[in-house]
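*Asks:* These protein sequences, in sequence, are chains Y and U. As numbered in the numbering used here, the first sequence has no gaps in its residue numbers, which increase by one up to the final residue, 536. As numbered in the numbering used here, the second sequence has no gaps in its residue numbers, which increase by one up to the final residue, 293. I'd like to ask some things about the structure below.
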Amino acid sequence: MAVEKVTIFPCGGIGDPVSSVTRLAGYILADDLLPGRVELVSIPPVITGVPDELELVQAYPVIALDGCGHRCGSNALNLVGIRPAARLFTPRVRSETKHAIGRRRPFPEISGQKLAKDLAERAAAIARNMLEDPEYTFERQEAHPNPEGLHDESLNIEETLGYEEVDVGCFQCSGMCAFKLEKDPELRRRLEEEVREYEELDGFEC
Amino acid sequence: MAVRRICMHACGGITRVGATVARLATYVVAEELIPEKTLISCAPAFLRGVEEDVLMVVKSPSFALDGCEWSCGTNLLYLAGITPAVRFLLPEYAEAQGFDLTGGSRRFPSGVTLEFSRLVAERVAGIAAGMMERGSPYTFKRPELKKQPERWFRSASNMAGLVDFVQIEPGIYRPDTMPPLPEELGGGAGDARAGGEEVDGGG
C-alpha cells in the first residue's frame, strides 16, 4: 500500500551538540533528499497540541531520531501515545561511521555535518521504503496523553516501545509494520555532491 | 530569594525561523554575554525528566523565548505548573525592532536569523543583569513541578485564556502573576522602561 508521506522527528534538544547534528539530519532529509515527501516535526508542539504538527504524527509513519542516551524523541512520542514507525539512534550510527559529533552547538563542525549525512542517508532509505514499497502498511494513530515517563527518566523507553535493532542504529518498534533498509548508492552520491559542507558560516567557524 | 542565575528556555521548535532565533540567542547569552550565570533548559530533556533540566527551571527564573504564536516555550512550562519570569514573542519583537524574518534561515546561523538573535540575547542579558545585580529588588519564589496531562492538547495562540501578561514593550511580556521586573520599577541594569500595559494573552 505504501504511504503518501513520512514524518521525521529529530530530538531537537539544545544543550548537547548532538542535537544540532540530529536537527541538521532532519533538514537534509526534508529539504534536500525527499522534499515534499518528508515532513519535519518539532517535539514541543506535539505535546502542547498544535493542530498541524499533531496531525503529522497521527496521519503518517514517524521516524524518531534520538540524539543521545536520554532518548527524548522516543519519549516525546510515547508521551502522546504515538508509536514510531522507525527509530534511529545516533550513538549507534556514530559507532559505525566514526564521524565525531563535535563540540559546537549553533551548527556542527565538518565531522558533525558528515554524521548528519550518515543519519539522513539511513532515514531516507527507510522513508523511501515506506513511500514506495506496496507491501508497507500503516494505520493512522490517535494521539492521547500518556504521562507515563513524564519528567521521569526511570522509564525504560526501549522496553516500553519494544525496539529491536534491524541494522546498525536502525530500530523497529513493536506493533509497527516492518520496513526494509536497502543501501542506495544514488543517495550517497547526492549527499556527497549536492549537500554542501561548511567550514565557516557568517563568522561562525564550523 | 535573590537571583544568582537565570534559565533560558527556548521554545524547542525546528520548523520556523523564530525557533532558530530562540536557540541561537540562548547560546549567545550562555556562551558570551553572561556565561556561568545562565542555564540552558532543554525542552525535550525537561519532558524526559533529566534531573538537571527539571531542577534548573525550578531553581531559577526562566526566560521563555517563543519562536511563534503557538508559544511552546511558555506553554511547556505552563503545563508543568511553572510560569516564566519573562516571555519573548520573537516575531512581534522582530517586527518592533525592524527585522524581517521572512527571508531568514531556519537551518543555518546566518543572515537576519543570526543578527536578530544577537539583539534578542542582548535584551535578555539586560533584563537578567537587573535581576541579578547587588541590591536588586527582584525576588524569585521557587515553583513546584506539577504533572497536568489533562491540560495537554489545548494549545491556544499566544496563551490566550491560559496566562495573562503585562507588556513590557512589543514582543516582551511578563506574566501578571510574576514579580515586576527591575526595569518596571525604574531600576536595574537593563534598559529602563518603566510601566507596562496589561494584556490578555499577549501578541
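Note that CB positions come from ideal geometry on N, CA and C, so glycine has one too.
Would you mind stating whether Y:V336 and Y:P391 have Cβ atoms separated by less than 8 Å?
*Replies:* For the purposes of this step, residue 336 of chain Y is identified with residue 6 of the first sequence, where counting begins at 1. For the purposes of this step, residue 391 of chain Y is identified with residue 61 of the first sequence, where counting begins at 1. A distance below 8 Å separates the beta carbons of Y:V336 and Y:P391.
*Asks:* Along chain Y, which residues have their Cβ under 7 Å away from the Cβ of U:L235?
*Replies:* Position 145 of the second sequence, counted from the first residue, corresponds to residue 235 of chain U. Neighbours of U:L235 on chain Y, chain order: H481.
*Asks:* Look at Y:E540 and Y:I440 and say whether their C-beta atoms are less than 8 Å apart.
*Replies:* Residue 540 of chain Y is absent from the structure shown; chain Y starts at 331 and stops at 536.
*Asks:* Report all residues from its chain with a CB closer than 7 Å to the CB of Y:L354; omit the five preceding and five following residues, and keep chain order.
*Replies:* Position 24 of the first sequence holds residue 354 of chain Y. The beta carbon of Y:L354 is closer than 7 Å to those of P438, Q443, A446 in its chain, skipping five residues each way along the sequence.
*Asks:* Taking only beta-carbon atoms, is Y:N405 less than 8 Å away from chain U?
*Replies:* The residue labelled residue 405 of chain Y in the question sits at position 75 within the first sequence. It does: the Cβ of Y:N405 has a partner Cβ on chain U nearer than 8 Å.
*Asks:* Give the secondary structure of Y:Y390 by DSSP, where H, G and I count as helix, E and B as strand, and everything else as coil.
*Replies:* To locate residue 390 of chain Y, count along the first sequence from 1; it is residue 60. Looking at Y:Y390 - three-state DSSP - the assignment turns out to be coil, as it is neither helix nor strand.
*Asks:* For U:G293 and U:S207, what's the separation of their Cα atoms in angstroms?
*Replies:* As a first step, residue 293 of chain U must be located in the second sequence, where it is residue number 203. As a first step, residue 207 of chain U must be located in the second sequence, where it is residue number 117. Note that U:G293 scores a pLDDT of 49, beneath 50, so its modelled location is shaky; the value from the coordinates is reported in the next line. U:G293 and U:S207: Cα-Cα distance of roughly 19 Å.
*Asks:* Are the stretch 404-419 of chain Y and the stretch 498-511 of chain Y touching by the rule of at least three beta carbon pairs closer than 8 Å?
*Replies:* yes
*Asks:* Helix, strand or coil for Y:R417? Go by DSSP, reduced to three states.
*Replies:* As a first step, residue 417 of chain Y is located in the first sequence; it is residue number 87 there, counting from the start. Looking at Y:R417 - three-state DSSP - the assignment turns out to be strand.
*Asks:* Exposed or buried, what is U:G225 when buried is set at 16 or more other beta-carbons lying within 10 Å of its beta-carbon?
*Replies:* The residue given as residue 225 of chain U occupies position 135 in the second sequence. With a 10 Å radius around the Cβ and a threshold of 16 neighbouring Cβ atoms, U:G225 comes out exposed.
*Asks:* Buried or exposed: Y:L370, going by 16 or more other Cβ atoms within 10 Å of its Cβ?
*Replies:* Counting from 1 along the first sequence, the entry for residue 370 of chain Y is found at position 40. Buried.
*Asks:* Counting only beta-carbon separations shorter than 8 Å, does Y:P438 have a partner in chain U?
*Replies:* Position 108 of the first sequence, counting from 1, holds the residue named residue 438 of chain Y. It does not; no Cβ of chain U falls within 8 Å.
*Asks:* Can at least three beta-carbon pairs, one atom from the stretch 207-218 of chain U and one from the stretch 111-124 of chain U, be found at a separation below 8 Å?
*Replies:* yes
*Asks:* On the premise that U:P199 lies in contact with U:L114, defined as a C-beta separation below 8 Å, what is that separation, rounded to the nearest angstrom?
*Replies:* Reading the second sequence from its first residue, position 24 is the one you call residue 114 of chain U. Reading the second sequence from its first residue, position 109 is the one you call residue 199 of chain U. About 5 Å separates the beta carbon of U:L114 from that of U:P199, a gap short enough to meet the 8 Å contact definition.
*Asks:* Under 8 Å by Cβ, that's how I've got U:A170 and U:L129 pegged, so tell me the actual separation to the nearest angstrom.
*Replies:* If you number the second sequence from 1, residue 170 of chain U lands on position 80. If you number the second sequence from 1, residue 129 of chain U lands on position 39. U:A170 to U:L129, Cβ: 16 Å. No contact.
*Asks:* The stretch 116-131 of chain U: which residues have C-beta closer than 7 Å to a C-beta of chain Y, in chain order?
*Replies:* T116, Y117, I130
*Asks:* Flag U:G293 as yes if its beta-carbon sits less than 8 Å from any beta-carbon of chain Y, otherwise no.
*Replies:* Counting from one through the second sequence, the residue named residue 293 of chain U turns up at place 203. The pLDDT assigned to U:G293 is 49, lower than 50, so where the model puts this residue is not dependable, and the model offers no usable value.
*Asks:* Compare the C-beta of U:R244 with all C-beta atoms of chain Y and state if any pair is closer than 8 Å.
*Replies:* Position 154 of the second sequence, counting from 1, holds the residue named residue 244 of chain U. Closer than 8 Å: yes.
*Asks:* Do the stretch 458-469 of chain Y and the stretch 373-383 of chain Y touch if we need at least three Cβ pairs shorter than 8 Å?
*Replies:* no
*Asks:* With a 10 Å radius around its C-beta and 16 neighbouring C-beta atoms as the bar for buried, classify Y:A508 as buried or exposed.
*Replies:* Counting from one through the first sequence, the residue named residue 508 of chain Y turns up at place 178. Y:A508 should be labelled exposed.
*Asks:* If you measure from the beta carbon of U:S150 to each beta carbon in chain Y, is any gap under 8 Å?
*Replies:* Locating residue 150 of chain U in the second sequence gives position 60, where the first residue counts as 1. Not closer than 8 Å to any Cβ of chain Y, the Cβ of U:S150 fails to qualify, so no.
*Asks:* How many whole angstroms separate the CB atoms of Y:P475 and U:W160, which I take to be in contact at a CB cut-off of 8 Å?
*Replies:* For this step, residue 475 of chain Y is matched to residue 145 along the first sequence. For this step, residue 160 of chain U is matched to residue 70 along the second sequence. Going by Cβ atoms, the distance from Y:P475 to U:W160 rounds to 18 Å, so no, they are not a contact pair.
*Asks:* Please look up how many angstroms separate the CB atoms of Y:L409 and Y:I393, rounded, as I've assumed it's under 8 Å.
*Replies:* Within the first sequence, the letter at position 79 stands for residue 409 of chain Y. Within the first sequence, the letter at position 63 stands for residue 393 of chain Y. Not really, about 17 Å apart at Cβ, beyond 8 Å.
*Asks:* What is the DSSP secondary structure of U:M221, counted as helix, strand or coil?
*Replies:* On the second sequence, position 131 is the one that residue 221 of chain U refers to. The answer is helix: DSSP assigns U:M221 an H, G or I state.
*Asks:* Within 10 angstroms of the Cβ of U:S131, are there 16 or more other Cβ atoms? Answer buried if so, exposed if not.
*Replies:* Numbered from its first residue, the second sequence carries residue 131 of chain U at position 41. By the 10 Å Cβ count, U:S131 comes out buried.
*Asks:* Is U:V107 helix, strand or coil by DSSP?
*Replies:* One-based indexing of the second sequence puts residue 107 of chain U at position 17. Reduced to three states, the DSSP call for U:V107 is helix.
*Asks:* What are the boundary residues of the beta strand (DSSP E) that includes U:R264?
*Replies:* Walking along the second sequence from the start, residue 264 of chain U turns up at place 174. Segment 262-265, the beta strand (DSSP E) holding U:R264.
*Asks:* Roughly how many angstroms separate the alpha carbons of Y:R413 and U:N248, rounded to a whole number?
*Replies:* Taking the first residue of the first sequence as position 1, residue 413 of chain Y is located at position 83. Taking the first residue of the second sequence as position 1, residue 248 of chain U is located at position 158. Y:R413 and U:N248: Cα-Cα distance of roughly 29 Å.
*Asks:* Thinking C-alpha only, which one of U:G103, U:I104, U:L252, U:L145 is nearest U:P233?
*Replies:* Counted from its first residue, the second sequence places residue 233 of chain U at position 143. Residue U:L145 is the option with its Cα nearest to U:P233.
*Asks:* Name, going along the chain, the residues of the stretch 350-375 of chain Y whose beta-carbon falls closer than 8 Å to a beta-carbon of chain U.
*Replies:* R353, L354, G356, Y357, D361, L370, V371, S372, I373, P374, P375
*Asks:* Kindly indicate if chain Y contains any beta-carbon less than 8 Å away from that of U:R177.
*Replies:* As a working mapping, residue 177 of chain U is identified with position 87 in the second sequence. So no, U:R177 is outside the interface.
*Asks:* Do you know offhand how far Y:A453's Cα is from Y:L359's?
*Replies:* The residue you call residue 453 of chain Y lines up with position 123 of the first sequence. The residue you call residue 359 of chain Y lines up with position 29 of the first sequence. Using only the alpha carbons, I get a separation of about 7 Å.
*Asks:* Can you give the Cα-Cα distance for Y:P436 and U:S150, rounded to whole angstroms?
*Replies:* Along the first sequence, read from residue 1 onward, the residue named residue 436 of chain Y stands at position 106. Along the second sequence, read from residue 1 onward, the residue named residue 150 of chain U stands at position 60. Taking the straight line from one Cα to the other gives about 24 Å.
*Asks:* Note down, in chain order, every chain U residue with its Cβ under 7 Å from the Cβ of Y:R435.
*Replies:* On the first sequence, position 105 is the one that residue 435 of chain Y refers to. Correct list: Y117.
*Asks:* Excluding five sequence neighbours on each side, which residues of the same chain lie with their C-beta closer than 8 Å to the C-beta of Y:G411?
*Replies:* Here residue 411 of chain Y is taken as the residue at index 81 of the first sequence, counted from 1. Once the five neighbours on either side are set aside, the close Cβ partners of Y:G411 are Q471, E472, A473, H474, P475, N476.
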